[in-house]
Structures are given as C-alpha cells and as structure tokens.
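Asks:
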Amino acid sequence: MDWVWEIYREYIEKIGEAPRGSALDEEKQFSQFLEILRHSTVTVLVQEPWQNTVRFKGLARYPVPAATALLNDPPVFLAARFGGGKFKLNFHHGWHFVGTRNFHVPGEPRWQNLPEIEL
1 MDWVWEIYRE YIEKIGEAPR GSALDEEKQF SQFLEILRHS TVTVLVQEPW QNTVRFKGLA
61 RYPVPAATAL LNDPPVFLAA RFGGGKFKLN FHHGWHFVGT RNFHVPGEPR WQNLPEIEL
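Everything in the sequence shown is counted per our numbering, starting at 1 for the first residue and increasing by one.
#1: Per DSSP, Ser-40 forms a beta bridge with which residues?
#2: Quick check: the stretch 35-44 against the stretch 62-72, are at least 3 beta-carbon pairs closer than 8 Å?
#3: In whole angstroms, give me the CA-to-CA distance for Val-4 and Leu-71.
#4: Rounded to whole angstroms, what's the CA-CA distance from Val-44 to Arg-81? Just pull it up for me.
#5: Considering only residues of the same chain and omitting the five flanking positions on each side of Arg-110, which have a CB-CB separation below 7 Å?
#6: Taking Cβ to Cβ, would you say Phe-56 is nearer than 8 Å to Gln-47?
#7: Just checking my contact of Phe-91 with Gly-99 at CB under 8 Å: how many whole Å lie between their CB atoms?
#8: Could you compute how far the alpha carbon of Asp-73 sits from the alpha carbon of Leu-59?
#9: How is Leu-59 classed by DSSP in three states: helix, strand or coil?
#10: So who's on the other strand from Leu-114, going by DSSP bridges?
#11: Of the residues Pro-75, Glu-118 and Thr-68, which one's Cα is nearest the Cα of Arg-101?
#12: Which of the three DSSP states, helix, strand or coil, is assigned to Leu-119?
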C-alpha cells in the first residue's frame with residue numbers, strides 16, 4: 001500500500017496539524033494518513049471511447065476500509081472484477097479530491113455492459 005501513501009502524502013502535508021511554519025514528522029504524518037483513510041473513498045473509473053474522444057465511466061465507489069483487496073493489488077482486483085481496460089482510481093477524503101492513479105490492465109473488458117455509477 002506504499003503507492004496509496006504516496007498519493008496521500010501531499011494532501012496530509014497540506015492539512016496536517018503542524019504549527020505554522022513547521023512540518024509534521026513522518027510518524028505523525030503516517031498516523032494522520034491512517035486516520036484519514038478510514039474516512040476516504042476510492043472510485044474506479046474506466047476510459048471508454050465516446051463520440052470522437054474518450055470519457056471516463058464510473059464503475060464503482062468503495063469506502064477505503066472495505067477496499068483492501070483493491071489497494072493491495074489493483075491490477076489483479078480490477079482484472080477479476082472488471083476485465084481489461086485503462087482504469088483510473090480516484091481518492092477522496094469527504095468531498096476533497098486527494099489524488100489519482102492510473103492502471104492499464106490487459107485482457108478482455110467485462111465492464112462495458114455494467115451500469116455507470118453517479119459521480
């Protein structure tokens with residue numbers, strides 16, 4: 001899950017509870033990271049052709065605490081659940097966008113007939 005920490009690190013530094021002009025130490029940052037994860041969501045989107053361009057279709061949204069399998073091995077989870085495609089994982093803490101990570105998963109797409117979630 002180191003890759004998730006890298007996404008959240010900058011966000012933690014921005015909202016961290018350090019006195020003005022100083023930085024949180026690594027241990028406090030990681031502690032805040034774990035607390036914030038408890039209140040975060042991850043949204044799975046997939047790139048699909050649309051007219052003469054592409055768009056991102058929302059496939060699923062999970063509370064981060066319930067998405068352990070996805071966070072531990074995203075390509076395996078995505079392939080098993082949705083098949084192949086160009087996926088985007090968007091992380092939010094409440095209404096705040098934290099960051100995103102893209103994954104290209106080989107294989108036949110099985111997501112095309114799935115309903116789109118409301119974003």
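Ideal Cβ positions, reconstructed from N, Cα and C, are used throughout, including at glycine.
The model shown is predicted, which means the values in this text are computed figures rather than measured ones.
Replies: Let me spell this out:
#1: Beta-bridge partners assigned by DSSP to Ser-40: His-93.
#2: Output reads yes: the stretch 35-44 touches the stretch 62-72.
#3: Their backbone Cα atoms lie some 8 Å apart in a straight line.
#4: It is roughly 11 Å from the alpha-carbon of Val-44 to the alpha-carbon of Arg-81.
#5: Phe-82 and Gly-83, listed in sequence order.
#6: When the beta-carbon positions are compared, Phe-56 and Gln-47 come within less than 8 Å of each other.
#7: That pair is a contact at about 6 Å.
#8: Each residue's CA atom was taken as its position, placing Asp-73 and Leu-59 some 18 Å apart.
#9: In the structure shown, the three-state DSSP call for Leu-59 is strand.
#10: None; Leu-114 has no bridge partner.
#11: By alpha-carbon distance to Arg-101, the top candidate from Pro-75, Glu-118 and Thr-68 is Pro-75.
#12: Correct three-state label for Leu-119: coil.
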